[in-house]
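In numbering that gives the first Met the number 0, the protein residues as written are 0 to 260.
Reading through the structure tokens given below for one structure.
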Amino acid sequence: MARQRVFRRSPRAALAVWQAVTVGALASGLGAAPAALAVVLRDERPMAHLGTLSVLGAGSGLLLARLIVSGHRVGRHLRVLRRRHRELVDIIARHADGRLRVLAHPAPTAYCVPGLSPRLVISDGTLSRLTHDEIAAVLAHERSHLRARHDLLMEFFTVVHEALPQRLRRTEVMAEVRLLIEALADGAAVKEVGRMSTARALLALSGSATPEAALGAATTASPRIEVLAAGPLPRVVSALMYGYAAALLAVPVAVAAWSVR
């Protein structure tokens with residue numbers, strides 16, 4: 000699915016599918032041992048399956064342990080980076096309205112630092128080079144990230160990615176998820192000022208850097224401009240994607256229900 004660019008035109012539905020794939024896989028991995036145990040206990044000779052149960056139990060336990068460790072590491076790393084960056088921009092940037100901070104830098108840049116005490120950061124270069132509508136698009140984009148807590152979605156996928164063995168990790172999936180999250184925030188900008196102003200804002204910001212723990216409008220600008228140019232998918236296609244996501248989630252639920260009958 001990461002190679003099917005057409006799904007980017009419905010980023011919310013595409014993210015729902017990716018979440019369903021991930022949650023379904025995790026549920027299958029974590030629930031393999033309990034489901035097998037429920038089946039074995041109904042067998043006349045349950046001890047004959049002890050070896051299989053041991054292997055499945057070890058696999059499920061290892062996956063759970065890796066998820067817990069990954070969640071702790073990723074969460075702590077992001078919290079430290081974001082706290083340090085908030086403290087830094089509060090010192091070196093001008094305090095504008097609310098949580099908005101303006102950096103005295105000639106290059107156009109814009110990003111948000113999410114969290115319980117978020118910051119929205121833009122530069123003097125952004126304010127001087129972009130038009131009123133383009134600035135409005137940038138602000139709408141970043142505020143959408145903060146309002147919808149897109150950082151938590153990205154953190155979820157990062158935790159799962161880091162929990163997997165190296166040979167099973169797929170960097171292209173992580174890149175696609177990040178692109179979809181940014182495309183989702185672009186939708187808020189489009190509602191605010193339209194597709195043309197949003198695309199021009201992305202073009203103006205393309206090439207600017209975004210801090211590691213932040214979310215920025217310039218990330219993956221080129222493919223997102225292509226998405227804006229193509230326009231959204233028909234609603235029926237998005238509905239089918241949501242249906243597919245629901246079906247993916249239903250599979251492990253159905254297996255669990257069957258095993259405990």
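Here a beta-carbon is modelled for each residue, glycine too, at the ideal position from N, C-alpha and C.
Taking residue 109 as part of the beta strand (DSSP E), name the residues at either end of that continuous run.
Residue 109 -> beta strand (DSSP E) spans 109 to 112.
Supposed contact pair residue 100 and residue 120 - C-beta distance, whole angstroms, cut 8 angstroms
5 angstroms
Residue 200 and residue 80 closer than 7 angstroms at C-beta:
Contact flag unset, no.
Looking only at its own chain, which residues have a Cβ that is under 6 angstroms from the Cβ of residue 13, when we skip the five neighbours before and after it?
6 and 179
Could you check the C-alpha separation between residue 31 and residue 175 for me, to the nearest Å?
29 angstroms
Cβ contact check for the segment 141 to 154 and the segment 193 to 208: 3 or more pairs under 8 angstroms
Contact check between the segment 141 to 154 and the segment 193 to 208: fewer than three CB pairs, one atom from each, fall below 8 angstroms, which does not count as touching.
With a cut-off of 8 angstroms, do at least 3 Cβ pairs link the segment 89 to 109 to the segment 118 to 134?
yes
Hey, how far is the Cα of residue 91 from the Cα of residue 103?
8 angstroms
Alpha helix (DSSP H) segments (min. 4 residues) lying fully within the segment 194 to 259
Complete alpha helix (DSSP H) runs here, min 4: 194 to 204, 220 to 229 and 234 to 258.
Give the list of continuous alpha helix (DSSP H) stretches no shorter than 4 residues that lie fully inside the segment 69 to 134.
123 to 128
Straight-line Cα distance separating residue 184 from residue 169:
24 angstroms
Please classify residue 232 as buried or exposed, where buried requires at least 16 other C-beta atoms within 10 Å of its C-beta.
buried
Apply the 10 Å Cβ neighbour rule to residue 226 and answer buried if 16 or more other Cβ atoms are within range, or exposed otherwise.
With 16 or more other Cβ atoms within 10 Å, it is buried.
Just tell me which of 151, 164, 157 and 162 has its CA closest to the CA of residue 172.
157
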